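**Student:** Numbering (the working numbering), first residue to last: 1 to 132.
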Amino acid sequence: MSIVTCKKLSKINFLQIPSLSLNDVRIDRGEKVVNKAESFLIQRNIDDVHKIDVYAKAYNDSHNNNCAHFDILFYKESSKTNLDNIKLNPRVVDRYSNDNDLLYQYEWIRGKFAARLKFRNGEIVEMKQSLE
1 MSIVTCKKLS KINFLQIPSL SLNDVRIDRG EKVVNKAESF LIQRNIDDVH
51 KIDVYAKAYN DSHNNNCAHF DILFYKESSK TNLDNIKLNP RVVDRYSNDN
101 DLLYQYEWIR GKFAARLKFR NGEIVEMKQS LE
């Protein structure tokens with residue numbers, strides 16, 4: 001007799017937060033310098049860092065066009081940190097979300113991965129300098 005178990009496939013939804021997009025372009029010593037940041041809400045499975053890593057890397061690969069600095073931030077979706085509430089009250093990100101729902105910040109400098117910062121209660125609790 002054999003027992004077969006099925007593991008439910010877990011899915012993560014990533015929702016971009018358009019109002020938090022940053023695209024800063026300036027001229028420094030005659031050269032164009034671009035700094036960008038994108039933010040996303042994560043629905044379900046917020047602890048699956050491998051899937052978040054894969055998504056961040058793929059997003060960077062398709063959106064980081066010669067940026068001096070490119071950040072991708074991930075927030076868990078909550079009753080206060082959600083698309084409707086952020087649209088209605090953008091200040092909620094600074095007043096609540098950064099301290100309570102910010103999970104990860106990924107950083108690339110001049111196209112090279114620099115760090116993944118993990119947050120808990122607004123504090124950096126882990127820094128990783130490679131994506132495996």
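Even for Gly, the Cβ is constructed at its ideal location relative to N, Cα and C.
All values derive from a computational prediction rather than experimental measurement.
Comparing C-alpha positions only, which one of F74, D47 and P90 sits nearest to D101?
**Tutor:** Considering only alpha carbons, the answer is F74.
**Student:** Please confirm whether S78 has its beta-carbon closer than 8 Å to some beta-carbon of chain D.
**Tutor:** Annotation note: the requested chain D is absent from the structure, which comprises a single protein chain.
**Student:** Between H50 and I109, which are expected to be in contact by the criterion C-beta below 8 Å, what is the C-beta distance as a whole number of angstroms?
**Tutor:** The pair is not a contact, with the Cβ atoms about 23 Å apart (cut-off 8 Å).
**Student:** Is L73 helix, strand or coil when you go by DSSP?
**Tutor:** strand
**Student:** If you draw a straight line from the alpha carbon of Q16 to that of G30, how long is it in whole angstroms?
**Tutor:** 33 Å
**Student:** Check the DSSP bridge columns for L102 and list the partner residues they point to.
**Tutor:** L102 is bridged by DSSP to Y75.
**Student:** Between the alpha carbons of N134 and D24, how many angstroms are there, rounded?
**Tutor:** Absent from the structure is residue 134, since the part of the chain shown begins at 1 and ends at 132.
**Student:** When you compare only the Cα positions, how much space is there between P90 and S19?
**Tutor:** 8 Å
**Student:** Here's the rule: buried if 16 or more other CB atoms are within 10 angstroms of the residue's CB, otherwise exposed. What is A58?
**Tutor:** exposed
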